[in-house]
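J.:
Number of protein chains: 2
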Amino acid sequence: MSLTRVHNFAISLDGFGTGEPQSLEEPFGHAGERLHEWMFATRWWNENVGEPGGTTGVDDAIARRHQPGIGAEIMGANKFGPPGWHEDPEWKGWWGENPPFHSPTFVMTHHTREPIEMQGGTTFHFRDASPAEVLEEARAAADGQDVRLGGGATVIRDFLAAGLVDHLHAVVVPILLGRGVRLWDGLEGLESDYEIESVASPSGVTHLTLTRTR
Amino acid sequence: MSLTRVHNFAISLDGFGTGEPQSLEEPFGHAGERLHEWMFATRWWNENVGEPGGTTGVDDAIARRHQPGIGAEIMGANKFGPPGWHEDPEWKGWWGENPPFHSPTFVMTHHTREPIEMQGGTTFHFRDASPAEVLEEARAAADGQDVRLGGGATVIRDFLAAGLVDHLHAVVVPILLGRGVRLWDGLEGLESDYEIESVASPSGVTHLTLTRTR
Ligand SMILES: NC(=O)c1ccc[n+]([C@@H]2O[C@H](COP(=O)([O-])OP(=O)(O)OC[C@H]3O[C@@H](n4cnc5c(N)ncnc54)[C@H](OP(=O)(O)O)[C@@H]3O)[C@@H](O)[C@H]2O)c1
Ligand SMILES: NC(=O)c1ccc[n+]([C@@H]2O[C@H](COP(=O)([O-])OP(=O)(O)OC[C@H]3O[C@@H](n4cnc5c(N)ncnc54)[C@H](OP(=O)(O)O)[C@@H]3O)[C@@H](O)[C@H]2O)c1
Chain A
1 MSLTRVHNFA ISLDGFGTGE PQSLEEPFGH AGERLHEWMF ATRWWNENVG
51 EPGGTTGVDD AIARRHQPGI GAEIMGANKF GPPGWHEDPE WKGWWGENPP
101 FHSPTFVMTH HTREPIEMQG GTTFHFRDAS PAEVLEEARA AADGQDVRLG
151 GGATVIRDFL AAGLVDHLHA VVVPILLGRG VRLWDGLEGL ESDYEIESVA
201 SPSGVTHLTL TRTR
Chain B
215 MSLTRVHNFA ISLDGFGTGE PQSLEEPFGH AGERLHEWMF ATRWWNENVG
265 EPGGTTGVDD AIARRHQPGI GAEIMGANKF GPPGWHEDPE WKGWWGENPP
315 FHSPTFVMTH HTREPIEMQG GTTFHFRDAS PAEVLEEARA AADGQDVRLG
365 GGATVIRDFL AAGLVDHLHA VVVPILLGRG VRLWDGLEGL ESDYEIESVA
415 SPSGVTHLTL TRTR
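Taken in sequence, the protein lines are chains A and B. So that you can map any letter, position 89 of the first sequence is 89 in our numbering, and since no number is skipped, the others follow by simple counting. Count along the second sequence from 1, add 214, and you get the number used in our numbering.
1. Residue range of the beta strand (DSSP E) that residue 68 (chain A) falls in?
2. Please tell me whether residue 200 (chain A) has its Cβ less than 9 Å away from any Cβ of chain B.
3. Where does residue 339 (chain B) land, buried or exposed, given buried means 16+ other C-beta within 10 angstroms?
4. Using a Cβ-Cβ distance cut-off of 9 Å, determine whether residue 366 (chain B) contacts chain A.
5. Does the CB of residue 284 (chain B) have a neighbour CB from chain A at under 9 Å?
6. Residue 361 (chain B) lies in the beta strand (DSSP E); which residues open and close that run?
7. Apply the 10 Å Cβ neighbour rule to residue 328 (chain B) and answer buried if 16 or more other Cβ atoms are within range, or exposed otherwise.
8. Is any heavy atom of ligand 1 found at a distance shorter than 8 Å from the C-beta of residue 67 (chain A)?
9. If we cut at 9 Å on Cβ distances, does residue 398 (chain B) have a partner in chain A?
10. From the DSSP output, read off the bridge partner residues of residue 28 (chain A).
11. Any chance you could list the alpha helix (DSSP H) runs of at least 4 consecutive residues sitting entirely within the stretch 310 to 398 of chain B, in chain order?
12. Would you identify the three-state DSSP class for residue 200 (chain A), choosing helix, strand or coil?
13. Would you call the stretch 166 to 186 of chain A and the stretch 9 to 19 of chain A in contact, with 3 or more CB pairs under 8 Å?
14. Kindly identify the DSSP beta-bridge partner or partners of residue 290 (chain B).
15. For residue 22 (chain A), verify whether its CB is less than 8 Å away from any heavy atom of ligand 1.
16. Please list the terminal residues of the continuous alpha helix (DSSP H) segment that includes residue 255 (chain B).
17. Applying the criterion that 16 or more other CB atoms from any shown protein chain within 10 Å of the CB defines a buried residue, is residue 270 (chain B) buried or exposed?
18. Can you grab the Cα-Cα spacing for the pair residue 288 (chain B) / residue 180 (chain A), in whole Å?
19. Using the beta-carbon of each residue, which ones in chain A are nearer than 8 Å to residue 401 (chain B)?
20. Quick check: does the Cβ of residue 379 (chain B) come within less than 8 Å of any heavy atom belonging to ligand 4?
21. 9 Å is my cut-off, CB to CB: does residue 276 (chain B) come that close to chain A?
22. Return the CA-CA distance between residue 81 (chain A) and residue 101 (chain A), expressed in angstroms with no decimal places.
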């Protein structure tokens, strides 16, 4: 069975998945890189960017679950680009010519455009449709593998509310952002569908995993 | 030096310290007892209520830090009683004739009344004053010992914002309440004054401790 999975989604202690305002210079707003420093310290990250070294403990082990078994990605318009990206016909995402998705990648947006084929197996498809519809299409494109929901917070929240997420890994970083976009808003009672596991890492972050049980 | 300490303050995964609406029948609103089941399972809790048994692991060890060294308590009006308690001249709190504070206990409220002396060392004092003023008075009453800040979320948040908290122990319970009163609102950058430690318990809750470093 093909699952819908969220990996390495970082939130502050007060629940924000990004700071504000989002911009070309500061994709995460006032959060800067602080939500992801735990990840940049892992060996997995270093391997991906071609650097030596990195930690090999619990952060690394969990972070590595990101890629195996994934056949397609879904992301929100605000992950794909800064405010106004759709006015730039040349915008192809933040990730250069060879984005790290290596699979069909569905961008949920009210501003659709023609698909963009990148190097390394990533093709961006732009969809103005419901979470269930986009997931159905992504699942078909994943060809028996799982679909990764890449964020941001708005899109993950919408998929959670629609009951479409099988596995969610969130990383609680011990900072208070005070403002931005919250992951958990409007999800009262979510725990009844999931087994929730929490593990604190010596690095200071806490890994939460929600595994669907029904 | 006399410290200001918060212990065993329970919040949901989405950051709520109580549900809603608060009432005489349901002090925590729709949260019911779910925020405190981890605590009721400890040996410490059972000892306090005169029952046998209870767990003796990390939840118990941390929960026990609640009492030692405390010489006074501060709480908010909504912890002291349900909405409208001040219209009842007989209201003396939820805790019966011998409340578990055993010390001078300062209730922050816009509806002050004469002090109420209870059994076992608890006297309730009602104060309409700033956090700093009430803390100064509680500290004097604590006679060299520490002051416990008992909650709810509103009062703790106000003391945090005023830079008056030395130690905060919050317990993250894996439920999503969706509504109620949030602990962390409006506290951007709080982490710069604290060392933050996180430990996940096998019971499913995560203990956060914030220790003031400057
Ligand atoms: N914390 C992490 O680990 C992490 C991970 C990934 C990204 N991020 C960050 O999160 C931020 C983005 O998150 P976000 O919550 O602001 O936004 P988002 O979830 O990336 O995107 C939301 C936007 O997608 C479009 N959209 C969503 N559902 C749609 C639907 N059904 N039909 C059509 N369009 C739809 C809408 O944009 P339009 O109406 O404009 O088209 C909507 O405003 C960025 O700063 C990104 O860098 C963080
Ligand atoms: N999660 C936990 O572990 C935990 C622990 C303790 C309590 N609780 C629960 O939390 C809830 C109460 O929390 P809450 O956030 O609603 O309220 P709260 O913090 O208990 O009390 C806030 C109220 O105190 C009064 N107040 C605060 N500062 C004041 C000031 N400077 N001067 C005068 N009055 C002041 C105001 O009431 P008035 O204007 O009405 O006087 C204010 O609305 C209850 O449900 C309680 O059972 C939870």
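Even for Gly, the Cβ is constructed at its ideal location relative to N, Cα and C.
T.: According to the data block:
1. Working through the first sequence from its first residue, we reach residue 68 (chain A) at position 68. No beta strand (DSSP E) contains residue 68 (chain A), which DSSP labels as neither H nor E.
2. The residue you call residue 200 (chain A) lines up with position 200 of the first sequence. Chain B has a Cβ within less than 9 Å of the Cβ of residue 200 (chain A).
3. Counted from its first residue, the second sequence places residue 339 (chain B) at position 125. Residue 339 (chain B) is buried by the Cβ-count criterion.
4. Position 152 of the second sequence holds residue 366 (chain B). Chain A, which has no Cβ nearer than 9 Å to the Cβ of residue 366 (chain B), makes this no.
5. Residue mapping note: residue 284 (chain B) aligns to position 70 of the second sequence, counting from 1. No, because no Cβ of chain A sits closer than 9 Å to the Cβ of residue 284 (chain B).
6. Within the second sequence, the letter at position 147 stands for residue 361 (chain B). Residue 361 (chain B) -> beta strand (DSSP E) spans 360 to 363.
7. Working through the second sequence from its first residue, we reach residue 328 (chain B) at position 114. The residue in question, residue 328 (chain B), is exposed, as its Cβ has fewer than 16 Cβ neighbours within 10 Å.
8. Your numbering for residue 67 (chain A) matches position 67 in the first sequence. Every heavy atom of ligand 1 is 8 Å or more from the Cβ of residue 67 (chain A), so no.
9. In the second sequence, counting from the first residue as 1, residue 398 (chain B) sits at position 184. Chain A, which has a Cβ nearer than 9 Å to the Cβ of residue 398 (chain B), makes this yes.
10. For the purposes of this step, residue 28 (chain A) is taken as the residue at position 28 of the first sequence. Beta-bridge pairing links residue 28 (chain A) to no other residue.
11. Correct list: 345 to 356 and 367 to 375.
12. The count along the first sequence starts at 1 and reaches residue 200 (chain A) at position 200. Look at residue 200 (chain A) here: in three-state DSSP terms it is strand.
13. Contact holds: three or more Cβ-Cβ distances are below 8 Å.
14. As a position in the second sequence, residue 290 (chain B) is number 76, starting the count at 1. According to DSSP, residue 290 (chain B) shares a beta bridge with B:322.
15. Here the question's residue 22 (chain A) lines up with position 22 in the first sequence. Indeed, a heavy atom of ligand 1 lies less than 8 Å from the Cβ.
16. Position 41 of the second sequence holds residue 255 (chain B). For residue 255 (chain B), no alpha helix (DSSP H) segment is defined, and its DSSP state is neither H nor E.
17. Counting from one through the second sequence, the residue named residue 270 (chain B) turns up at place 56. For residue 270 (chain B), the number of other beta carbons within 10 angstroms of its own is below 16, and it is reported as exposed.
18. In the second sequence, residue 288 (chain B) corresponds to position 74, counting from 1. In the first sequence, residue 180 (chain A) corresponds to position 180, counting from 1. If you draw a straight line from the Cα of residue 288 (chain B) to the Cα of residue 180 (chain A), it comes to about 32 Å.
19. Locating residue 401 (chain B) in the second sequence gives position 187, counting from the first residue. Neighbours of residue 401 (chain B) on chain A, chain order: 14, 176 and 178.
20. Of the ligands this structure carries, namely ligand 1 and ligand 2, none is ligand 4.
21. Taking the second sequence and counting its residues from 1, the one referred to as residue 276 (chain B) is at position 62. Closer than 9 Å to the CB of residue 276 (chain B) there is not a single CB belonging to chain A.
22. Here residue 81 (chain A) is taken as the residue at index 81 of the first sequence, counted from 1. Here residue 101 (chain A) is taken as the residue at index 101 of the first sequence, counted from 1. Rounded to whole angstroms, the separation of the alpha carbons of residue 101 (chain A) and residue 81 (chain A) is 15 Å.
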